[in-house]
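Read the structure below first, then the notes.
Number of protein chains: 2
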Amino acid sequence: MSSAAPAPTIRGRARDAAILEAARAVFLEHGFEAATLDLVIGRSGGSRATLYQRFGGKAGLFAAIIRDLRDKIVAPLGTAADGERSNPAEVLVGFGRRFMSILMTDESLALYRLVIGETRHFPELGRLVFEAGPAAAAERLSDYLRRATQQGRLAVADPDLAARQFLEMVKGDLHTRTLFGAGRRPSSREIDDCVRGAVATFLYGAATRRRARRRSAPRTGIRS
Amino acid sequence: MSSAAPAPTIRGRARDAAILEAARAVFLEHGFEAATLDLVIGRSGGSRATLYQRFGGKAGLFAAIIRDLRDKIVAPLGTAADGERSNPAEVLVGFGRRFMSILMTDESLALYRLVIGETRHFPELGRLVFEAGPAAAAERLSDYLRRATQQGRLAVADPDLAARQFLEMVKGDLHTRTLFGAGRRPSSREIDDCVRGAVATFLYGAATRRRARRRSAPRTGIRS
DNA sequence: GCATTTCTGTACTATACAGTACACTTTGGC
DNA sequence: GCCAAAGTGTACTGTATAGTACAGAAATGC
Chain A
245 MSSAAPAPTI RGRARDAAIL EAARAVFLEH GFEAATLDLV IGRSGGSRAT LYQRFGGKAG
305 LFAAIIRDLR DKIVAPLGTA ADGERSNPAE VLVGFGRRFM SILMTDESLA LYRLVIGETR
365 HFPELGRLVF EAGPAAAAER LSDYLRRATQ QGRLAVADPD LAARQFLEMV KGDLHTRTLF
425 GAGRRPSSRE IDDCVRGAVA TFLYGAATRR RARRRSAPRT GIRS
Chain B
245 MSSAAPAPTI RGRARDAAIL EAARAVFLEH GFEAATLDLV IGRSGGSRAT LYQRFGGKAG
305 LFAAIIRDLR DKIVAPLGTA ADGERSNPAE VLVGFGRRFM SILMTDESLA LYRLVIGETR
365 HFPELGRLVF EAGPAAAAER LSDYLRRATQ QGRLAVADPD LAARQFLEMV KGDLHTRTLF
425 GAGRRPSSRE IDDCVRGAVA TFLYGAATRR RARRRSAPRT GIRS
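Chains as they are written, first to last, in this note's numbering: chain A, 245 to 468; chain B, 245 to 468.
Structure, rendered in structure tokens:
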């Protein structure tokens, strides 16, 4: 599928890169169906025949740019953890911020819209992006939560679940709202508040203290 | 925009309804660009001219079905709260379940894909759907959280934020994963576990008990 | 520097589709 | 039943676009 041969010649590599860059912009801006190869060629400056020879056609080009974007934008999500300072709150705030700083870029949002919108036609690409991004980020966070719990710094019963919960809270509805184009883009200040709020709720919950039971009880004690 | 006149005659109303139903199916299945009016007409059985007269064209028809779907699918999200039993955990589990039971239907997921994917071309429709659905649901939950806090049953500093956090956790990554088409559709059992897990974390948090401070402190005490 | 491979430009094909026109049929109020 | 309004069917127009063909230019490797 993608660009079959890695790259034949120097000119070829440059051409591939130019086509990919143009295609990325065009697909992100217009979506798969509304994007036209003439638009891509107009931007990249190559020739129609080369595009077909190198990428096989519109669908192949689309797959190629999604893979490209996955590597450039989405994969870094999975490595959004670093320097584990001793305080879990600080670690979580840092992780949340890096997560959001990648997720809320124009390119990242456009990629989400594109992939989610085209899932019907390209289901495997959705899987590709999801696994490399959000799922990988959750895995890394899960590792941290497990270690912190073993060290007695947190009390997390199910690290995988907790990691996903935390990341969803960090996104808050800011991400969804922005995907829907509802309201203006959130400021970095709002994003920061959202991250800190998520950390607070994640760590301490919303129950009144006098009602709090031993941690393990409510976790399994909520019935029906 | 939408179907201008409410409905002129009986046959007319039936025709409108048939066109809308067909258009809904076609747009949800193919997306805006890939959907064709011939497909719609083939399904609804009317004539091309009527469609144009009643809905003004492809874009008008699209706007009409989005409004229709908002009323039928998304708006109920906003009313997903009922019977406030005394136990906050039970109320939250009930709310979360109803929320997810609407959100995870095939139609609801397809609508999300459609609206998110077409936000570029129809930003106002995204706003429409978001406000009527997720935002309205968060508002109702926020009301409950505020009341429960006033009654001393919960300790929620910012009910609006908390409501959004809770709903995001309830969705977990199940919703996003399914939107991306990654992995099989979650079972109702998985959804249930996700909801209960969200309630547990929302109420009690992940901090170890011996590290827990007074609730108000960490909420504002997380710096940088 | 020459042969070969790769890229380019242009022109062409086939098709699909939104939107329009118009003559004809059905419906529904009276 | 009549007749105005609404709906139908078909055919047509114009355009946009994916994909193909091919001859020529350019670069690459030796």
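Yeah, the Cβ is synthetic: ideal placement off N, Cα and C, and Gly gets one too.
Quiz item: Are there three or more Cβ pairs, one per stretch, closer than 8 Å when the region 441 to 452 of chain A is compared with the region 334 to 350 of chain A?
Solution: Touching, yes, given that three or more Cβ pairs across the two stretches are closer than 8 Å.
Practice problem: Please determine, among A:425, A:413, A:318 and A:261, the residue with the shortest C-alpha to C-alpha distance to residue 374 (chain A). | Solution: Against the first sequence, residue 374 (chain A) aligns to sequence position 130. Taking only the C-alpha atoms, the option nearest residue 374 (chain A) is A:318.
Practice problem: Measuring only between beta-carbons, confirm whether residue 468 (chain B) sits less than 9 Å from chain A. | Solution: Stepping through the second sequence from its first residue, residue 468 (chain B) is reached at position 224. Because the pLDDT of residue 468 (chain B) is 35, which lies under 50, any placement of that residue in the model is unreliable, and the question is left without a value.
Quiz item: Going straight from the alpha carbon of residue 466 (chain B) to that of residue 381 (chain B), what length do you get?
Solution: By 1-based counting over the second sequence, the position of residue 466 (chain B) is 222. By 1-based counting over the second sequence, the position of residue 381 (chain B) is 137. Confidence in residue 466 (chain B) is poor, its pLDDT being 37 and thus under 50, which makes the residue's placement unreliable; the coordinate value appears in the next sentence. Those two C-alpha atoms are separated by around 29 Å.
Quiz item: Between the C-alpha atoms of residue 428 (chain B) and residue 422 (chain B), what's the straight-line distance to the nearest angstrom?
Solution: The count along the second sequence starts at 1 and reaches residue 428 (chain B) at position 184. The count along the second sequence starts at 1 and reaches residue 422 (chain B) at position 178. Roughly 8 Å separates the two Cα atoms.
Practice problem: Select from the region 405 to 432 of chain A all residues with a C-beta closer than 7 Å to any C-beta belonging to chain B, and list them in chain order. | Solution: Within the region 405 to 432 of chain A, the qualifying residues are 405, 406, 408, 409, 412, 413, 415, 416, 417, 420, 421, 423, 424, 425 and 426.
Quiz item: Who are the Cβ neighbours of residue 394 (chain B) in its own chain at under 8 Å, not counting the five residues just before and after it?
Solution: Looking up residue 394 (chain B) in the second sequence gives position 150. Nothing listed; no residue qualifies.
Quiz item: Taking all protein chains shown into account, do 16 or more other C-beta atoms lie within 10 angstroms of the C-beta of residue 461 (chain B), making it buried, or fewer, making it exposed?
Solution: In the second sequence, counting from the first residue as 1, residue 461 (chain B) sits at position 217. Note that residue 461 (chain B) scores 36 on pLDDT, short of 50, meaning its location in the model is unreliable and no value can be drawn from it.
Quiz prompt | Where residue 450 (chain B) falls: helix, strand or coil (DSSP) | solution = What you label residue 450 (chain B) is simply residue 206 of the second sequence in a count that begins at 1. Residue state, collapsed to three classes: coil.
Exercise. Mind listing the chain B neighbours of residue 400 (chain A)? Cutoff is C-beta to C-beta under 7 Å, in chain order.
Key: Residue numbering aside, residue 400 (chain A) sits at position 156 when the first sequence is read from its first letter. Going along chain B in sequence order, the residues near residue 400 (chain A) (Cβ under 7 Å) are 450.
Quiz item: Looking only at DSSP bridge pairs, what is residue 347 (chain A) linked to?
Solution: For the purposes of this step, residue 347 (chain A) is identified with residue 103 of the first sequence, where counting begins at 1. Note: residue 347 (chain A) sits in no beta bridge, so no partner.
Quiz item: Who pairs with residue 398 (chain A) in a beta bridge, going by DSSP?
Solution: As a working mapping, residue 398 (chain A) is identified with position 154 in the first sequence. DSSP lists B:451 as the beta-bridge partner residues of residue 398 (chain A).
Self-check item: Interface positions of the region 258 to 280 of chain B facing chain A (Cβ-Cβ less than 7 Å), listed along the chain
Solution: Contact residues of the region 258 to 280 of chain B toward chain A are 275, 277 and 278 (C-beta to C-beta distance below 7 Å).
Self-check item: Contact list for the region 339 to 367 of chain B against chain A, Cβ threshold 9 Å
Solution: Within the region 339 to 367 of chain B, the residues whose Cβ lies closer than 9 Å to some Cβ of chain A are 354, 356, 357, 358, 359, 360, 361, 362, 363, 364, 365, 366 and 367, listed in chain order.
Exercise. Note down, in chain order, every chain B residue with its Cβ under 7 Å from the Cβ of residue 434 (chain A).
Key: Here residue 434 (chain A) refers to the residue found at position 190 when the first sequence is read from its first residue. Those within 7 Å of residue 434 (chain A) in chain B number zero; the least Cβ separation is about 11 Å.
Quiz prompt | Member of A:277, A:297, A:275 and A:278 whose CA lies at the smallest distance from the CA of residue 219 (chain A) | solution = As displayed, chain A neither begins before 245 nor continues past 468, which places residue 219 (chain A) out of reach and without an answer.
Self-check item: Residue range of the unbroken alpha helix (DSSP H) whose run includes residue 309 (chain A)
Solution: Locating residue 309 (chain A) in the first sequence gives position 65, counting from the first residue. Its alpha helix (DSSP H) spans residues 302 to 313.
Practice problem: State the DSSP-derived secondary structure class of residue 253 (chain B), mapped to helix, strand or coil. | Solution: Locating residue 253 (chain B) in the second sequence gives position 9, where the first residue counts as 1. Reduced to three states, the DSSP call for residue 253 (chain B) is coil.
Quiz item: Less than 9 Å separating the beta-carbons of residue 385 (chain A) and residue 411 (chain A)?
Solution: In the first sequence, the residue the question calls residue 385 (chain A) occupies position 141. In the first sequence, the residue the question calls residue 411 (chain A) occupies position 167. Their beta carbons are under 9 Å apart, which means residue 385 (chain A) touches residue 411 (chain A) by this criterion.
Quiz item: Taking Cβ positions, are residue 347 (chain B) and residue 372 (chain B) nearer each other than 9 Å?
Solution: In the second sequence, counting from the first residue as 1, residue 347 (chain B) sits at position 103. In the second sequence, counting from the first residue as 1, residue 372 (chain B) sits at position 128. No, the Cβ-Cβ distance between residue 347 (chain B) and residue 372 (chain B) is not below 9 Å.
Quiz item: Would you call the region 403 to 418 of chain A and the region 397 to 414 of chain B in contact, with 3 or more CB pairs under 8 Å?
Solution: These segments touch.
Self-check item: Chain-ordered neighbours of residue 289 (chain A) on chain B, where CB pairs are closer than 8 Å
Solution: By one-based count along the first sequence, residue 289 (chain A) stands at place 45. The premise fails here: residue 289 (chain A) is roughly 25 Å from chain B at the closest Cβ pair, so nothing lies under 8 Å.
Quiz item: So, does the CB of residue 374 (chain B) fall closer than 9 Å to a CB anywhere in chain A?
Solution: For this step, residue 374 (chain B) is matched to residue 130 along the second sequence. Judged by the 9 Å Cβ criterion, residue 374 (chain B) is in contact with chain A.
Quiz item: How big is the Cα-Cα spacing for residue 309 (chain B) and residue 267 (chain B)?
Solution: The count along the second sequence starts at 1 and reaches residue 309 (chain B) at position 65. The count along the second sequence starts at 1 and reaches residue 267 (chain B) at position 23. So the two alpha carbons sit approximately 7 Å from each other.
Exercise. Quick one: grab the DSSP three-state call for residue 287 (chain A).
Key: The residue labelled residue 287 (chain A) in the question sits at position 43 within the first sequence. In this structure, residue 287 (chain A) counts as helix in the three-state DSSP scheme.
Practice problem: Answer with buried or exposed for residue 315 (chain A), where buried requires no fewer than 16 other C-beta atoms within 10 angstroms of its C-beta. | Solution: Indexing the first sequence from 1 puts residue 315 (chain A) at position 71. Exposed.
Quiz item: What does residue 447 (chain A) touch in chain B if you count any residue whose Cβ is under 8 Å from its own?
Solution: Locating residue 447 (chain A) in the first sequence gives position 203, counting from the first residue. Near residue 447 (chain A) (Cβ distances below 8 Å), the residues of chain B are 449, 450, 451 and 462.
Quiz item: Can you list, in chain order, the residues of the region 377 to 391 of chain A whose Cβ is nearer than 8 Å to any Cβ on chain B?
Solution: So the list reads 378, 379, 382 and 389, given in the order they occur along the chain.
Practice problem: Kindly say whether residue 320 (chain A), judged by its beta-carbon, lies nearer than 9 Å to any beta-carbon of chain B. | Solution: By 1-based counting over the first sequence, the position of residue 320 (chain A) is 76. Cβ-Cβ to chain B under 9 Å: no for residue 320 (chain A).
Quiz item: Looking at the structure shown, is residue 271 (chain A) part of a helix, part of a strand, or coil, going by DSSP?
Solution: The residue labelled residue 271 (chain A) in the question sits at position 27 within the first sequence. If DSSP states are grouped into helix, strand and coil, residue 271 (chain A) belongs with the helices.
Quiz item: Quick one: what's got a C-beta closer than 6 Å to residue 288 (chain B)'s C-beta in the same chain, skipping five residues either side?
Solution: For the purposes of this step, residue 288 (chain B) is taken as residue 44 along the second sequence, with counting starting at 1. Spatial neighbours of residue 288 (chain B) in its own chain (CB-CB distance under 6 Å, excluding positions within 5 residues in sequence) are listed in chain order as 262, 263 and 266.
Quiz item: Any beta-carbon of chain A closer than 9 Å to the one on residue 397 (chain B)?
Solution: Sequence index remark: in the second sequence, residue 397 (chain B) carries index 153 (1-based). So yes, residue 397 (chain B) belongs to the interface.
Quiz item: From the beta carbon of residue 370 (chain A), is the nearest beta carbon of chain B less than 9 Å away?
Solution: On the first sequence, residue 370 (chain A) is found 126 positions in, with the first residue counted as 1. For residue 370 (chain A), the closest Cβ of chain B is nearer than 9 Å.
Quiz item: What residues in the region 283 to 315 of chain B bring their beta carbon closer than 7 Å to a beta carbon of chain A?
Solution: Contacts with chain A (Cβ-Cβ distance below 7 Å) from the region 283 to 315 of chain B involve no residue at all.
Exercise. Indicate the three-state DSSP secondary structure (helix, strand or coil) for residue 426 (chain A) in the structure shown.
Key: Reading the first sequence from its first residue, position 182 is the one you call residue 426 (chain A). It is coil, neither helix nor strand.
Exercise. Following the continuous alpha helix (DSSP H) through residue 318 (chain B), name the residue where it begins and the one where it ends.
Key: Numbered from 1 along the second sequence, position 74 holds the residue referred to as residue 318 (chain B). It is not in any alpha helix (DSSP H) - residue 318 (chain B) carries neither H nor E in the DSSP assignment.
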